[in-house]
Each structure stands twice: as structure tokens, then as C-alpha cells.
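Trainee: Numbering-wise (my numbering), the sequence shown opens with residue 761 and increments by one.
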Amino acid sequence: MSTVFVIKNQHGHYLSKQQLWLDGSDRRLLYRTPHNDEAVNVVFEQSSKDIYLRAEPFPCELDKNNQPMVEVGPPTALETQAALNQEPEQEENLQQENPENIGDQA
Numbered sequence: 761m762s763t764v765f766v767i768k769n770q771h772g773h774y775l776s777k778q779q780l781w782l783d784g785s786d787r788r789l790l791y792r793t794p795h796n797d798e799a800v801n802v803v804f805e806q807s808s809k810d811i812y813l814r815a816e817p818f819p820c821e822l823d824k825n826n827q828p829m830v831e832v833g834p835p836t837a838l839e840t841q842a843a844l845n846q847e848p849e850q851e852e853n854l855q856q857e858n859p860e861n862i863g864d865q866a
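(1) Only counting runs of 3 or more residues, tell me where the beta strand (DSSP E) segments fall wholly within the stretch 796-829, in order along the chain.
(2) Using alpha carbons as the reference points, say which of Phe818, Ala837, Asn845 and Ala842 lies closest to Pro794.
(3) Between Val832, Pro835 and Asn826, which lies nearest to Thr763 when the distance is taken from Cα to Cα?
(4) With a threshold of 7 angstroms on Cβ separation, who are the neighbours of Asn769 within its own chain once the five nearest residues in sequence on each side are excluded?
(5) Restricting to Cα atoms, I'd like to know which of Ile767, Tyr774, His771 and Arg788 is closest to Lys824.
(6) Would you report the Cα separation of Leu775 and Asn845, rounded to the nearest angstrom?
(7) Have a look at Asn801 and Ala842 and give me their C-alpha separation to the nearest angstrom.
(8) Could you name the residues of the same chain whose beta carbon sits closer than 6 angstroms to that of Gly772, not counting the 5 residues immediately before and after it, in chain order?
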């Protein structure tokens with residue numbers, strides 16, 4: 761197995777190829793490089809954009825599909841917001857399926 765470097769921040773999120781922070785659940789999207797010095801340069805660039813960022817490159821092995829084997833981190837703010845936006849839709853769908861139960865919720 762090969763080793764690559766991925767970048768992880770203080771919140772447990774991973775840098776993507778599009779320079780966004782992801783939880784790592786879709787490993788295909790993660791930034792990776794076989795060279796530590798390239799990863800250090802990317803951390804430096806990201807840190808210059810956000811002075812509160814605490815990120816570091818770390819080595820990880822590749823699986824049989826050549827994807828980095830990382831632990832999934834906590835959901836990002838965008839993922840949390842997307843989940844919150846879906847909840848009212850689910851409630852509306854339930855109300856449309858069972859309209860007789862709407863008045864019983866007192």
C-alpha cells in the first residue's frame with residue numbers, strides 16, 4: 761500500500777480538492793498528495809487565508825481503490841445546515857400522508 765498526505769484541521773475536517781472542509785465520508789473528494797512538502801505548502805496557503813485555522817498534513821495509507829483511509833469526522837456546518845433544511849420537508853410529507861393526525865397533536 762502507498763502512503764499519501766491529507767490535511768486535517770482542528771475540528772476533524774479534511775481539506776477537499778476544491779479547498780473546502782469536509783467530514784471525510786466521501787474519501788474520493790479529499791485533497792491528497794504523495795509529497796509532505798506539497799501538503800505543508802497547502803496548509804500554509806490555507807492558514808494565510810484564515811488566521812484561526814490549525815491544520816496539519818498527516819500520512820495515511822491508501823485502500824485497494826487508492827482512496828485514503830481516514831476516520832470520518834464530525835459533520836461540517838454546511839452538512840448540518842442541509843440536514844436542518846430537510847427536516848421540515850420530511851414533516852410536511854408525513855402530514856400530507858396522514859392529514860387526520862394533524863389535529864390530534866395537542
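Glycine residues also receive a C-beta, built at the ideal position from the N, C-alpha and C atoms.
These figures come from a predicted structure and were not determined experimentally.
Mentor: In brief:
(1) 815-821
(2) Phe818
(3) Asn826
(4) Trp781, Leu813, Arg814 and Ala815
(5) Arg788
(6) 24 angstroms
(7) 32 angstroms
(8) Gly833 and Pro834
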